[in-house]
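Below is one structure; the comments refer to it alone.
Residue numbers (my numbering): 1 to 462.
Shown next, in the form of structure tokens:
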């Protein structure tokens, strides 16, 4: 069978996967989830897995990445015996509430009794059953089925994930740290669906650490819907540190209400292929949103960041800053679309993407976009692609630094601007260390994780 035949049958194969597990999925999930699941089937059949003929996926063809013998489990792995210690991701001097997931399935939360009154952290599956009214209000409202085939597939096969509910006026002082592990002896398709609701005047900071712990191939399709109510503050930090057999497709879809403040910072230290979709919809006046990203690619790694910033109402502010360091024959892509709708007067929107290519074989594609329908706005966008400044290298060499140390220092200085945006000081210090180790070639995808076997270390992660 040739590649064309494999790809032409890809949609059919994934639909067959759904049909094989449809009864189990329906039996184990709430009606609100299953209703949308039924609508997702025709939507996915129509759109399928995106290839690079789809404009929003121009630089990343996902179809070949799904073309394999991946197992899908519609329920948690009952034979998986991983202790709490295995989930520890060290951030020195950071006190946090730990949330654990294995292959997309919720595995527990630490220090639950110390959470403020009214805060709920649980399995998405359980939350949809016990808090059906909340899920009915929000599920599918930030990530609609018609968005693309990836969202449709996620909704079709949604089995578990996490749900976080922060009630009105509650401030969680300690960050929530989500440790997301992929592991297993077989190649797997992992579907994870998450829901975060931050009610008015509430505040929360969430850190997500994505890791793979075994040498199998993984395709992970994660959709996270976030709803940030009036005057609420929401920070999301996502650290991707996975081996090069991992395909991570992570969609974060955020809706903001009046006077809310959102910050998203995505750090990709190591991966195989990563596609990060970040959509922010400012549905009321005086919303503020900051979206940052840093990607460090080498060998054959590929990272594609797509950001859509929707200014629907007046007097809102958004800023985007993405930076990439691309080495060897790695590749990267950035698409940033800012939409200023007709009613969104007094909008301030800024976007910047800067890339450093370390070899002649490294490649990056950038596509900044402004779509403006209001006339009283301040908007700008820009993208740069360059190499290490030889004059700066000469200066550092003249001060006694070796060529390698000078090169590392310049790369670190270039990347630091994104790291500096982190608003959790212990996390910022840890990311500084990890970025420097990555530039020195001292970091693999297992770093800072307790559970790590020699087989995983040899999965091409160095």
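Heads up, the beta-carbon is just placed ideally off N, CA and C, and yes, glycines get one too.
Computed from a predicted structure; not experimentally measured.
How long is the line joining the alpha carbons of residue i and residue j, rounded to whole angstroms?
i	j	result
residue 450	residue 213	Note that residue 450 has pLDDT 28, beneath the 50 cutoff, so the model's placement of it is unreliable and the number below is only indicative. Cα to Cα, residue 450 sits roughly 10 angstroms from residue 213.
residue 111	residue 390	51 angstroms
residue 328	residue 51	25 angstroms
residue 20	residue 290	42 angstroms
residue 24	residue 75	8 angstroms
residue 365	residue 349	22 angstroms
residue 424	residue 160	28 angstroms
residue 223	residue 403	43 angstroms
residue 188	residue 15	16 angstroms
residue 374	residue 347	9 angstroms
residue 12	residue 128	29 angstroms
residue 430	residue 384	28 angstroms
residue 359	residue 279	32 angstroms
residue 312	residue 397	51 angstroms
residue 469	residue 205	Any answer about residue 469 is impossible in this case: the structure gives the chain only from 1 up to 462.
residue 341	residue 372	6 angstroms
residue 199	residue 273	34 angstroms
residue 392	residue 411	11 angstroms
residue 33	residue 53	31 angstroms
residue 65	residue 172	39 angstroms
residue 167	residue 400	56 angstroms
residue 18	residue 170	39 angstroms
residue 70	residue 29	23 angstroms
residue 415	residue 320	15 angstroms
residue 36	residue 101	24 angstroms
residue 315	residue 377	9 angstroms
residue 9	residue 301	26 angstroms
Please list the terminal residues of the continuous alpha helix (DSSP H) segment that includes residue i.
i	result
residue 26	10 to 27
residue 428	425 to 439
residue 493	Because the chain here runs from 1 to 462, residue 493 falls outside it and cannot be looked at.
residue 412	403 to 419
residue 64	63 to 66
residue 171	First-last for residue 171: undefined, no H or E at that position.
residue 150	149 to 157
residue 397	390 to 398
Using C-beta distances below 6 angstroms, list every residue in its chain close to residue i, excluding the 5 sequence neighbours before and after it, in chain order.
i	result
residue 281	255, 310
residue 355	324, 364, 385
residue 142	225, 253, 255
residue 236	206, 264
residue 353	322, 334, 366, 383
Could you give the residue range of the beta strand (DSSP E) that holds residue i?
i	result
residue 39	Per DSSP, residue 39 belongs to no beta strand (DSSP E); it is in the alpha helix (DSSP H), 31 to 47.
residue 371	363 to 372
residue 337	331 to 340
residue 275	273 to 282
Which residues share a DSSP beta bridge with residue i?
i	result
residue 101	106, 180
residue 351	320, 381
residue 228	198, 256
residue 166	198
residue 207	177, 237
residue 308	279, 337
residue 295	268, 324
residue 289	262, 318
residue 71	188
residue 121	164
residue 249	221, 275
residue 212	182
residue 302	273, 331
Tell me which residues share the same chain as residue i and place their Cβ nearer than 8 angstroms to its Cβ, disregarding the 5 neighbours each side in the sequence.
i	result
residue 369	335, 336, 337, 338, 381
residue 458	Summary for residue 458: the model assigns pLDDT 37, below 50, so the residue's position carries little reliability; its value from the coordinates is reported in the next sentence. If we look at residue 458 and ignore the five residues flanking it on each side, its Cβ neighbours are 215.
residue 442	none
residue 453	The predicted position of residue 453 is uncertain, since its pLDDT is 34 and thus under 50; a value taken from the coordinates is nonetheless stated next. Closer than 8 angstroms at the Cβ level, and outside the excluded window around residue 453, lie 213, 214.
residue 7	Unreliable positioning characterises residue 7 in this predicted model, as indicated by a pLDDT of 47, which lies under 50. A coordinate reading is not provided.
residue 230	200, 201, 257, 258, 259, 260, 284
Nearer than 7 angstroms: is that true of the beta carbon of residue i relative to any heavy atom of the ligand COA?
i	result
residue 94	Absence of the ligand COA is noted for the structure shown, with no ligands found whatsoever.
Q.
Under 8 angstroms: do the stretch 172 to 182 and the stretch 51 to 65 share three or more Cβ pairs, one atom per stretch?
A. Between the stretch 172 to 182 and the stretch 51 to 65 there are fewer than three C-beta pairs closer than 8 angstroms, too few to call the two in contact.
Q.
Taking 8 angstroms as the cut-off, does the stretch 115 to 125 touch the stretch 147 to 157 (at least 3 CB pairs, one atom from each stretch)?
A. Counting C-beta pairs with one atom in each stretch, the stretch 147 to 157 and the stretch 115 to 125 have fewer than three that are closer than 8 angstroms, which means they do not touch.
Q. Would you call the stretch 35 to 53 and the stretch 189 to 206 in contact, with 3 or more CB pairs under 8 angstroms?
A. No, because fewer than three Cβ pairs between the stretch 35 to 53 and the stretch 189 to 206 fall closer than 8 angstroms, the two stretches do not touch.
Q | the stretch 229 to 249 touching the stretch 93 to 111, judged by at least three CB pairs closer than 8 angstroms | A | The stretch 229 to 249 makes no contact with the stretch 93 to 111: fewer than 3 CB pairs, one atom from each, lie closer than 8 angstroms.
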